[in-house]
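Add 80 to the 1-based position in the sequence shown for our numbering, that's all there is to it.
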Amino acid sequence: MSIKPVRSVLDLMPILSRGRFVERVDQHLTAAVEHLESLPDQKGKATVTITLTVAYQEGRTEVVPDVKSKLPPEKSFTGTPFWIVDGGFSVQHPSQDDMFAGPRAVRDRDFG
């Protein structure tokens with residue numbers, strides 16, 4: 081019985097690491113799709129890179145597969161403005177202190 085040589089990447093992929101490599105590629109692809117679907121802006125792109133390193137030495141050839149993903153960065157939080165008051169953070173502008181101090185006393189005026 082003669083063994084048919086592998087000449088197609090589609091035939092080679094399932095053989096690599098006894099099929100575990102194809103499973104890993106599928107995991108990367110699934111994660112990329114899920115990440116893209118969850119983007120708040122409904123827009124982005126991911127990259128799944130498959131590398132096959134082929135090494136030859138003294139009549140023996142070895143194929144070492146690798147897969148990597150690059151997902152779009154998650155949207156960062158927006159900044160929150162603060163003012164420094166007494167060495168700490170405050171969301172209230174210092175010039176508005178008197179607006180939130182409570183009711184003010186009515187001054188007696190001479191209207192005459």
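All residues carry an ideal CB built from backbone N, CA and C; glycine is no exception.
| Item | Value |
| --- | --- |
| 7 Å Cβ cutoff met for P152 and L132 | no |
| Start and end residues, alpha helix (DSSP H) containing V100 | According to the sequence shown, residue 100 is Arg rather than Val. From DSSP, the alpha helix (DSSP H) with R100 extends over R100 to E117. |
| Nearest candidate by alpha-carbon position, reference A112, set T129, M93 and I164 | T129 |
| Proximity of V143 and H108 at Cβ, strictly below 7 Å | no |
| Three-state class that DSSP yields for P94 in the structure shown | helix |
| Residues that DSSP places opposite D146 in a beta bridge | T131 |
| V89 in three-state terms, based on DSSP | helix |
| Minimum C-alpha distance to G159 - residue among S149, R98, V171 and R100 | V171 |
| Spatial neighbours of L92 in its chain, beta-carbon cut-off 6 Å, leaving aside the 5 residues before and after | V86 |
| Per DSSP, the bridge partner or partners of T141 | Y136 |
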